[in-house]
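The structure appears right after this line, and notes come after that.
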Amino acid sequence: MILGWKDIKPGFVILEVGSSRSLKTGDWRTERPVLDRDKCNKCGLCYLFCPEGTIREDEEGYFVSDLYYCKGCGICAHECPQKAITMEPEG
Amino acid sequence: MRVALEGSHAVSEAVRQANVDVIAAYPITPQTHIVERLAEMVAEGELDAEFIPVESEHSALSVCIGASAVGARTFTCTSGPGLALMAEIVFIASSMRLPILMVLANRSLSAPLSIWNDHSDAMMVRDSGWIQVFVNSAQEAYDHVFIGFRTAEDKRVLLPFMIHMDGFFLTHAVEPVELVEQSVVDKYLPPPDFPYRLDPASPLTMGAFVMPDQYAEVKKAQDEALKASYGPLLEAWKAWGELTGRHYLPIEGFYLEDAEVVFLTVGSYGEVAHMAVEELRQKGMPVGIAKLRLWRPFPFEDLRKALKGVKYLAVIDRAVCPGGVGGPVALEVRSALYGMEGPKVVDFIVGIAGRDVTPEDYLKMAEMTPEVAGGGSENYVFYGVKE
Amino acid sequence: MKTIGEVRFTRKNLPKEEFFVSGHTACQGCGEALAVRLALKALGKDTIVACATGCIEIISSRFPETAWLVPWIHVAFENTAAVISGVEAGLKAMTRKGRFPQKRVFCVGMAGDGGTADIGLQALSGALERGHDILFLCFDNEAYMNTGIQRSSATPFGAVTTTSPAGKRSPGQVTWKKNVPEIAVAHGIPYVATACPSFPYDLMTKVRRGAEVKGPAYVHILSPCPTGWRCAPHLAVEVGRLAVETGVFPLYEVIEGRYRINMPKKELKPVEEYLNLQGRFRHLSPEIKGYIQKRVTEEWEKLLQKAKAFPYEE
Numbered sequence: 092m093i094l095g096w097k098d099i100k101p102g103f104v105i106l107e108v109g110s111s112r113s114l115k116t117g118d119w120r121t122e123r124p125v126l127d128r129d130k131c132n133k134c135g136l137c138y139l140f141c142p143e144g145t146i147r148e149d150e151e152g153y154f155v156s157d158l159y160y161c162k163g164c165g166i167c168a169h170e171c172p173q174k175a176i177t178m179e180p181e182g
Numbered sequence: 018m019r020v021a022l023e024g025s026h027a028v029s030e031a032v033r034q035a036n037v038d039v040i041a042a043y044p045i046t047p048q049t050h051i052v053e054r055l056a057e058m059v060a061e062g063e064l065d066a067e068f069i070p071v072e073s074e075h076s077a078l079s080v081c082i083g084a085s086a087v088g089a090r091t092f093t094c095t096s097g098p099g100l101a102l103m104a105e106i107v108f109i110a111s112s113m114r115l116p117i118l119m120v121l122a123n124r125s126l127s128a129p130l131s132i133w134n135d136h137s138d139a140m141m142v143r144d145s146g147w148i149q150v151f152v153n154s155a156q157e158a159y160d161h162v163f164i165g166f167r168t169a170e171d172k173r174v175l176l177p178f179m180i181h182m183d184g185f186f187l188t189h190a191v192e193p194v195e196l197v198e199q200s201v202v203d204k205y206l207p208p209p210d211f212p213y214r215l216d217p218a219s220p221l222t223m224g225a226f227v228m229p230d231q232y233a234e235v236k237k238a239q240d241e242a243l244k245a246s247y248g249p250l251l252e253a254w255k256a257w258g259e260l261t262g263r264h265y266l267p268i269e270g271f272y273l274e275d276a277e278v279v280f281l282t283v284g285s286y287g288e289v290a291h292m293a294v295e296e297l298r299q300k301g302m303p304v305g306i307a308k309l310r311l312w313r314p315f316p317f318e319d320l321r322k323a324l325k326g327v328k329y330l331a332v333i334d335r336a337v338c339p340g341g342v343g344g345p346v347a348l349e350v351r352s353a354l355y356g357m358e359g360p361k362v363v364d365f366i367v368g369i370a371g372r373d374v375t376p377e378d379y380l381k382m383a384e385m386t387p388e389v390a391g392g393g394s395e396n397y398v399f400y401g402v403k404e
Numbered sequence: 010m011k012t013i014g015e016v017r018f019t020r021k022n023l024p025k026e027e028f029f030v031s032g033h034t035a036c037q038g039c040g041e042a043l044a045v046r047l048a049l050k051a052l053g054k055d056t057i058v059a060c061a062t063g064c065i066e067i068i069s070s071r072f073p074e075t076a077w078l079v080p081w082i083h084v085a086f087e088n089t090a091a092v093i094s095g096v097e098a099g100l101k102a103m104t105r106k107g108r109f110p111q112k113r114v115f116c117v118g119m120a121g122d123g124g125t126a127d128i129g130l131q132a133l134s135g136a137l138e139r140g141h142d143i144l145f146l147c148f149d150n151e152a153y154m155n156t157g158i159q160r161s162s163a164t165p166f167g168a169v170t171t172t173s174p175a176g177k178r179s180p181g182q183v184t185w186k187k188n189v190p191e192i193a194v195a196h197g198i199p200y201v202a203t204a205c206p207s208f209p210y211d212l213m214t215k216v217r218r219g220a221e222v223k224g225p226a227y228v229h230i231l232s233p234c235p236t237g238w239r240c241a242p243h244l245a246v247e248v249g250r251l252a253v254e255t256g257v258f259p260l261y262e263v264i265e266g267r268y269r270i271n272m273p274k275k276e277l278k279p280v281e282e283y284l285n286l287q288g289r290f291r292h293l294s295p296e297i298k299g300y301i302q303k304r305v306t307e308e309w310e311k312l313l314q315k316a317k318a319f320p321y322e323e
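Residue numbers (the numbering used here), protein chains in the order written: chain C, 92 to 182; chain F, 18 to 404; chain D, 10 to 323.
The following block contains the structure:
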């Protein structure tokens, strides 16, 4: 969104905090994490180690990656003690 | 109340009366007395402020930015090389629209090292985006601390404000100063209330980086803001005049109607020039003087109006732009007068590193002006340089 | 002697809220983004952050997008410690004058290794010496990563960067990593610690302790950078873990000048395990690797001696 000069606040301050959430960084990835719920023991380490903060706890307590942002780095899969996450090629 | 005060101490007193929140400054001659007196005031409990003895000028202005960003009224001061060290941050303070007040005790930039006064430091930051005024006395310096804060913090402005005050000549000379009652200051200067602040209650982001497709818009907004600060500054001057009887204008002219040669001065040398003009007029010389007070935003209209009909304008420059350009004030004045039926401008570069300019020198310069004026636009005179 | 807070983060009290949110443009597998995310979880919403120019600033604040949910300011590269000093001083004055509610706001400066140990060192030293109530976090990815992997004084010996390339006449970085935590300790501040996002609860606990302590605190956070260290993105956490377990980057705290070593707890793993994961060390000869091992062991011994001579006793 490009602003005209009159719409820019003094000192170009950004009032809408967290506005980065409009950027679909999920477009970057070449692999996506896939969770095997049978192996998952809900330890939450994947949630803790995600640099994007995009892994969330669902209603059943499993941790699932929000693919809108997931960059497919594979840290979650690599760190999962149960090897419950596998990285599968995108598309 | 009328007291005898060193210019520096007049500034410190004004800063105290303005109830500043944060002071961050690094000592450098000839600004030191301002800082030392403020440190004393804080230590004695006369001024309730955080006095931050920073480890460099660069950090001084950086501390001011942090403080101003949370909504604190902040003050700093420096001179010459200290300003040069701070320069990166000077530009940032204005583009981030933080209403910081700085007193610049004008001093030569190195090299060579010189603690003495000229305007090379002021001219370095012409384009920094700060509102800038030159004062001519301790009284004016004192007054402009209040005028500066009021204008800078005006919600229509939100720009940092720089007071140029000649080092030693104004900082160290003891002059009579009319102090203003605290109740008058409190009426004139409302408590700080900045619209954009770092506050967990309403978070925001300051100082994002901007891509080429948006940067020009930010700069245009800044340019317009500095231009638009003219109105609020004049209002602030008017209100001050009504409260104290001391009226300030962007440019003040004396004897311009019938003068052949008019001196244009910036800063305290104008006081001696004014004295010289009085003496010369007594002897029948048709001279006059225009004292430029407002430097940024540059008062184009006021200048043109004042100098209309003047035959010769002898600009007294206290800095040089090396390489054949001459002096910065003449450069800007010529640009402002371009296209106008107006004075022939002659540029005298004087008072470099505080070298004295006497009334006799003004007589000589007045006599030289018509001769030099014939020489085209590159004519500038490095007056009094020993061959 | 209890000058540090009681907070200790575990799974049970892990804060759920994110204050450094998705949509930022850090590389895949960025250890620094992970560290920042964890640090902000530990700090919570009553925090003001001053951030240096660098990776984190660039990936999180491209106008008009911002990944920050706390008040945040960026000014320049070298002055973060000065800016956060000003924030702290401003809040102090305003609180005293009744213009800011009486409550604790954590004033946190964040900078990379460049903005801390090189161009930022002067401002950091000044801020620590003046005793401001601030927390300074150095996110150390061991080079000027944002401008394309140029060396800093925190680049480890033998590492390849664009300004310390390996060649016929050079092994890569020719100097040993500058010990910035010790510089902070030399300022006599109440709390200094080292941390790594591979040990997330330890990192969060230390960040919180540093924030809560009255006076200046410094936490040095090793931030694995797959892009600059030349390893696959998914190895970011593992390489950080190995840095700690081999003794290359031990985790410890210095509380009022007294040492407490947190990790490693067992015998040091061989440094080669750590070096072999990273392309920036691929060129190293066995002699140089041997030197690195020797020196890491020495530095670890020195740290153990310090902890023995000046132990922190609760």
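Built from N, CA and C at the ideal position, the CB exists for glycine as well.
- If the five residues before and after Cys116 of chain D are omitted, its C-beta is found closer than 6 Å to the C-beta atoms of Ile57, Ile93, Val96, Glu97 and Ile143, all from its own chain and listed in chain order.
- When secondary structure is reduced to three states using DSSP, Ile143 of chain D falls in the coil class, being assigned neither helix nor strand.
- The alpha carbon of Pro208 of chain F has as its nearest neighbour, out of F:Lys300, F:Phe163 and F:Ala307, the alpha carbon of F:Phe163.
- Bridge pairing for Trp81 of chain D: F:Thr222 and D:Val58 [DSSP].
- The three-state secondary structure of Glu97 of chain D, taken from DSSP, is helix.
- In this structure, F:Val32 is the residue among F:Asp138, F:Cys94, F:Pro212 and F:Val32 with its C-alpha nearest to the C-alpha of Val197 of chain F.
- Considering only beta carbons, no part of the segment 136–149 of chain F lies closer than 9 Å to chain C.
- Contact check for Ala122 of chain F against Gly184 of chain F passes: the beta carbons are separated by less than 8 Å.
- Taking 8 Å as the cut-off, the beta carbon of Thr164 of chain D is found no closer than this to the beta carbon of Thr156 of chain D.
- In the three-state reduction of the DSSP assignment, His181 of chain F falls in the strand class, which pools E and B.
- For the segment 234–249 of chain F, the residues whose beta carbon sits under 8 Å from a beta carbon of chain C are, in order, Glu234, Val235, Lys237, Ala238, Glu241 and Ala242.
- Bounds of any alpha helix (DSSP H) do not take in Tyr227 of chain D; it lies within the beta strand (DSSP E) bounded by Ala226 to Leu231.
- For Tyr213 of chain F, the C-beta contacts it makes with chain C under 9 Å involve Lys100, Pro101, Gly102, Val104 and Leu106, in order along the chain.
- The CB of Thr116 of chain C comes closer than 8 Å to the CB of Ser31, Gly32, His33 and Thr34 in chain D, given here in chain order.
- When C-beta distances to chain C are compared with 7 Å, the residues of the segment 201–233 of chain F below that value are Tyr213, Pro220, Leu221, Thr222, Met223, Ala225, Val227, Asp230 and Gln231, in chain order.
- Ser112 of chain F has a beta carbon lying at 8 Å or more from every beta carbon in chain D.
- If you check each beta-carbon in the segment 146–180 of chain F against every beta-carbon of chain C, the ones closer than 8 Å belong to Leu175.
- Boundaries of the beta strand (DSSP E) harbouring Glu262 of chain D: Leu260 to Ile264, taken from the DSSP string.
- Contact annotation: in the segment 76–104 of chain F, residues whose CB is within less than 9 Å of a CB in chain D are Ser76, Ala77, Leu78, Ser79, Val80, Cys81, Ile82, Gly83, Ala84, Ser85, Ala86, Val87, Gly88, Ala89, Arg90 and Thr91.
- For the segment 59–72 of chain F, the set of positions with a beta-carbon nearer than 8 Å to some beta-carbon of chain D reads Asp65, Ala66, Glu67, Ile69, Pro70, Val71 and Glu72 in chain order.
- Distances from the CA of Val304 of chain F to each of F:Phe315, F:Met292 and F:Arg313 were compared; the closest alpha carbon is that of F:Met292.
- The beta carbon of Leu102 of chain F sits closer than 7 Å to those of Ser73, Glu74 and His75, all from its chain and outside the five residues before and after it, given in chain order.
- Boundaries of the alpha helix (DSSP H) harbouring Phe163 of chain F: Ala155 to Glu170, taken from the DSSP string.
- Among the residues of chain F, none has a CB under 9 Å from the CB of Lys50 of chain D; the nearest is roughly 15 Å distant.
- Proximity of chain D to Val39 of chain F at the Cβ level (cut-off 8 Å) is accounted for by Gly95, Ala98, Gly99 and Ala102, in chain order.
- Counted as a single uninterrupted DSSP element, the alpha helix (DSSP H) harbouring Lys204 of chain F occupies residues Gln199 to Tyr205.
- Interface residue (Cβ-Cβ distance to chain F less than 8 Å): Gly95 of chain C is classified as such.
- In this structure, the beta-carbon distance from Gln37 of chain D to Lys162 of chain C falls below 8 Å.
- When C-beta distances to chain C are compared with 9 Å, the residues of the segment 224–255 of chain D below that value are Pro235, Ala241, Pro242, His243, Leu244, Ala245, Val246 and Glu247, in chain order.
- Against Ile117 of chain F, chain D offers no close residue; the least beta-carbon distance is about 10 Å (beta-carbon pairs closer than 9 Å).
- Leu130 of chain F counts as exposed, since fewer than 16 other C-beta atoms from the protein chains shown sit within 10 angstroms of its C-beta.
- Within the same chain, and ignoring the five residues on either side of Thr145 of chain C in sequence, the residues whose Cβ sits closer than 7 Å to its Cβ are Ser156, Asp157, Tyr160 and Cys161.
- Approximately 6 Å separates the beta-carbon atoms of Pro124 of chain C and Met178 of chain C; this is inside 8 Å, confirming the contact.
- Near chain F, meaning a CB-to-CB distance below 9 Å, the residues of the segment 130–146 of chain D are Gln131, Ala132, Ser134, Gly135, Ala136, Glu138, Arg139 and His141.
- The beta-carbon of Ile158 of chain D is placed no less than 8 Å from the nearest beta-carbon of chain F.
- Nearest neighbour of Thr19 of chain D by Cα position, chosen from D:Asp211, D:Arg218, D:Gln302 and D:Asn285, turns out to be D:Asp211.
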